[in-house]
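First the structure, in the form of structure tokens, and then the observations on it.
Residue numbers (mature numbering (1 follows the signal peptide of the UniProt record, and there is no 0)): -21 to -1, 1 to 542.
Okay, structure coming up:
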């Protein structure tokens, strides 16, 4: 059937199977554990769907990211504005008019775009959405610790073939909200004597990473930092106040979050939300802090996708963003993963530092055709973010050298090729490691992660006014590393320098200077006879368990202050 016939079918909304295609044929559909269906949604109910429109000039965007992030480039630190990025990547006039006509003909209303014009969010009734997206069938589901309600389609959707050059995917149909992998570990057994600490607090972190009482924000710059939360949970100001009363007496800090983007619920505080805010604001002490809180979530929206839309719609943003969200790479469609990666490129071009937790399942494990393989996580595996792994103290009650925390996520992407900035470091690791798993378990030519690490074991968190001990996960190490980078940005701004921006090219060029190298320990993986639960092991230099290592603030500041 010809394109003209398809276009007629598109505009008349009489779509036959021959005129449609599946934008996300490899998107895995599986109801997450603990979720149940409440049945079909009423046809008259309203839905909010997000349409990701095809962008332009992505090769040029990639070149610009490299230029502004490489210290040896004359363009280093000369970041693009949001308006510059919009001019570069915005969809073609043909794409904009084709998609708008299609949506208008379907009865879509209250459509909102973003500054970069590459996302369009519209409201439709369920029956209109099911007619617009053949194959989709909207059901309501409930699940997760907070009994969250979402609307999703258990069946793949189709789009008119004529839209293939214009639409990447439609958000709000398949992907479920993430769950927290934070865990509260049992208290380590050991003799408690004077001089030993009983878990990780801001003062323990500041001592280990060589931060003095003077290493705080000056309060005189426009420096800021942010954490983003996609779980249906919230932080409470009263918890932050109590946390700082208990643990923040030795350093200057801000009493409250400067800005909440999205809705702050009135329910109980969540441990993950409390942890993010408390440790970002105590590591990056006295620096203005934003919180993105399940922004603008309607039942048919994906919170992570909504956060990406917010980044594309705000001209002035915090310089450092820490995110503790992740999914198995293989659970996401390649179209979705590639588009999200482009969103990270847009952020890097603007000089934003995005830090993602590496995950809490070590190398991961899954079975493909009866054979075990390691299971990489995304966005940890994106080449345009800085990924943070996890460590433990060698002695859990003393401030000692660090070893691998066995849950620290790490490995090699099955989607993204290895970026040039890390080829040398990865080749050295693969050549020198004496404990490499069998080569069939991982893609040695893929993007390798994490890039850095910090303590991830045994944190104290205040949530619902109760101090909770032994909280563990890379959700803890990520805001700590982010706060320390914010302190370095503070010095750079005071010295007339631009913020650090996308850190990886510089980090790998400097071979991990300013970081404590973690050389002992392995993380977990497949529990089978071949690897016996062991993934990769750390060693001198970079490794896919703790990256280049953990921060030594005075040395890292010296390394990253100039140019």
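Quick reminder that beta carbons are idealized off the backbone N, C-alpha and C, glycines included.
Partner residues in a beta bridge of residue 473, as assigned by DSSP, do not exist.
In this structure, residue 517 lies near residue 383, with their beta-carbon atoms less than 8 Å apart. Within the same chain, 137, 138, 140, 143 come within 7 Å of residue -1 by CB-CB distance, once the 5 residues on both sides are set aside. Between the C-alpha atoms of residue 131 and residue 13 there is a straight-line separation of about 15 Å. In the DSSP assignment, residue 204 falls within the beta strand (DSSP E) that extends over 203 to 208.
With a threshold of 16 other beta carbon atoms within 10 Å, residue 352 meets it and is buried. Around the beta carbon of residue 325, 16 or more other beta carbons sit within 10 angstroms, so the residue counts as buried. Residue 306 holds the alpha-carbon nearest to the alpha-carbon of residue 9 among 339, 306, 180. In terms of Cβ geometry, residue 68 and residue 35 form a close pair [threshold 8 Å]. Here residue 426 is buried: its Cβ has 16 or more other Cβ atoms, across all protein chains shown, within 10 Å.
Per DSSP, residue 532 lies in no beta strand (DSSP E) segment; the continuous alpha helix (DSSP H) that holds it begins and ends at 532 to 539.
Residue 250: member of the alpha helix (DSSP H) spanning 250 to 262, first to last residue. Here residue 392 really is in contact with residue 308; their C-beta atoms are around 7 Å apart, less than 8 Å. Shown here, residue 89 sits in a strand according to DSSP, grouped into three states.
For residue 432, the closest C-alpha among the options 229, 3, 461, 233 is that of 461. Counting the other CB atoms within 10 Å of its CB gives residue 152 a total of 16 or more, which places it among the buried residues.
Pairing residue 211 with residue 128, the inter-Cα distance amounts to about 10 Å.
Per DSSP, reduced to three states, the secondary structure at residue 433 is strand. By the neighbour-count definition (other C-beta atoms within 10 Å, threshold 16), residue 519 is an exposed residue.
Two segments are said to touch when three or more pairs of C-beta atoms, one from each, lie closer than 8 Å; by this definition the region 487 to 494 touches the region 529 to 539. Around residue 216, the same chain offers 235 as residues with beta carbons nearer than 6 Å, after the five sequence neighbours per side are excluded. Assigned with DSSP and collapsed to three states, residue 392 falls in strand.
For residue 218, the uninterrupted alpha helix (DSSP H) segment begins and ends at 216 to 226. Taken through DSSP and simplified to helix, strand or coil, residue 524 comes out as coil. Boundaries of the alpha helix (DSSP H) harbouring residue 485: 483 to 488, taken from the DSSP string.
In chain order, 148 place their CB closer than 6 Å to the CB of residue 315, counting only its own chain and leaving out the 5 sequence neighbours on each side. By the beta-carbon neighbour count (other beta carbons within 10 angstroms, threshold 16), residue 108 is buried. Distances from the alpha-carbon of residue 150 to those of 344, 304, 285 put 285 closest. In this structure, the alpha-carbon of residue 440 lies about 32 Å from that of residue 320. Burial is judged here by how many other beta carbons sit within 10 angstroms of a residue's own beta carbon; residue 15 has fewer than 16 and is exposed. Counting other Cβ atoms within 10 Å of its Cβ, residue 103 reaches 16 or more and is therefore classed as buried. Here DSSP, grouped into helix, strand and coil, assigns residue 400 to helix. Annotation: the region 293 to 353 contains the following complete segments of the beta strand (DSSP E) (minimum length 3 residues), in chain order: 299 to 302, 332 to 336, 345 to 347, 350 to 352. In the three-state reduction of the DSSP assignment, residue 185 falls in the helix class. By the C-beta density criterion, residue 374 is exposed, having fewer than 16 other C-beta atoms within 10 angstroms. In terms of Cβ geometry, residue 182 and residue 226 form a close pair [threshold 8 Å].
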